[in-house]
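S.K.: For reference, the structure I am asking about is given below.
Now the structure itself:
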């Protein structure tokens, strides 16, 4: 049994250490000794570029090609019992979600079933119009026939997304994720209207910041991006992902970084869960309440404790601090 990790990024640039997206940062942290890893850089949309019909069509074709590449990688690497982890940010998050849908619907088709795969890709992956539950049942029955009426679905251990956004040329539709065992989706309060919601299938939590402040990459407020990275990574590690030791975790200083846009671009729904780091920011900037639901369910209350556990404190320092605390009290 092994882990197979697939990462869909949203930029084709070659970033430096602090310009890397959260998807690439996670990929760099992976322990590759006992895990198979796959990474796709994606395609960055240039600022000011118009969404022409030709560009939309090219975007959909490129996204489908990336999904097929990941799908074929899994077809060669996966064995029953293996754990599949899928990550993505921005429109890479959309591709990650579509791959998980494909695995939960048609599974990993036999090598001789390219026609069925082409049909599923053209009709169900990144569709221009929403598919009904009946549509999904139909393609699942078709796939089952290729497996001798056996359920073809392949389990996905964990899906981790950062502000998944719709691929240009598609709608904000999400397919079912019936075989995803666990997952986390970090969403930016100021992330924009193209954000895809996965609240029915994944643990979805809202973070302070714009889209890039959650996905990471160029123009990101890195202290905020680190908070979103840490939260998704924490869930993945709990699901069994193997990563190298990290030197640090976010602190309350991360939560206070950056400035909020003057005008909010979207508002979390009334039932949204908001990351506890936002509460730290609210203490100094109470006006930020206007961006949030009237009633808030705070998520990940232990986020600061993760950073404290990483800090090695010598025994002598611990004793001294305990004495000082006792004197002060």
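In the working numbering, the protein residues as written are 9 to 337.
Glycine residues also receive a C-beta, built at the ideal position from the N, C-alpha and C atoms.
1. Relative to the alpha-carbon of residue 108, which residue among 183, 172, 38, 128 has its alpha-carbon at the smallest distance?
2. So what does residue 191 bridge to, in DSSP terms?
3. With DSSP collapsed to three states, give me the class of residue 35.
4. Could you pull the DSSP bridge partners for residue 281 from this structure?
5. Does residue 267 have its Cβ less than 8 Å from a Cβ in chain B?
6. Return the chain-ordered ranges of every beta strand (DSSP E) run that is complete within the stretch 98-177 and spans a minimum of 3 residues.
7. Tell me the rounded alpha-carbon separation between residue 128 and residue 113.
8. Only counting the same chain, and skipping five residues up and downstream in sequence, which positions put a Cβ closer than 8 Å to that of residue 56?
9. Please report how far the alpha carbon of residue 149 lies from the alpha carbon of residue 314, in whole angstroms.
10. Can you name the start and end residues of the alpha helix (DSSP H) that residue 235 belongs to?
11. Does the beta-carbon distance from residue 248 to residue 91 come in below 8 Å?
12. Between the alpha carbons of residue 326 and residue 292, how many angstroms are there, rounded?
13. Quick check: residue 194 and residue 230, are their CB atoms within less than 8 Å of each other?
14. How big is the Cα-Cα spacing for residue 324 and residue 255?
15. What did DSSP end up calling residue 86 once you bin it into helix, strand or coil?
M.R.: Result, derived from the coordinates:
1. 183
2. 167
3. helix
4. 213, 305
5. The question asks about chain B, but that chain is absent: this structure has only one protein chain.
6. Taking only runs of at least 3 residues, the beta strand (DSSP E) segments lying wholly in the stretch 98-177 are 166-170.
7. Within the model, the alpha-carbon separation for residue 128 versus residue 113 is close to 10 Å.
8. Model confidence at residue 56 stands at a pLDDT of 45, short of 50, so the residue's coordinates are unreliable and nothing is read from them.
9. 45 Å
10. Per DSSP, residue 235 is one residue of the alpha helix (DSSP H) stretching across 230-246.
11. yes
12. Below a pLDDT of 50, predicted positions are generally treated as unreliable, and residue 326, at 35, falls in that range; the measurement from the model is reported next regardless. If you take the alpha carbons of residue 326 and residue 292, they lie about 30 Å apart.
13. Taking the C-beta atoms as reference points, residue 230 is found no nearer than 8 Å to residue 194.
14. Model confidence at residue 324 stands at a pLDDT of 36, short of 50, so the residue's coordinates are unreliable; what they give is reported in the following sentence. When rounded, the distance between both Cα atoms is 22 Å.
15. DSSP places residue 86 in coil when its eight states are reduced to three.
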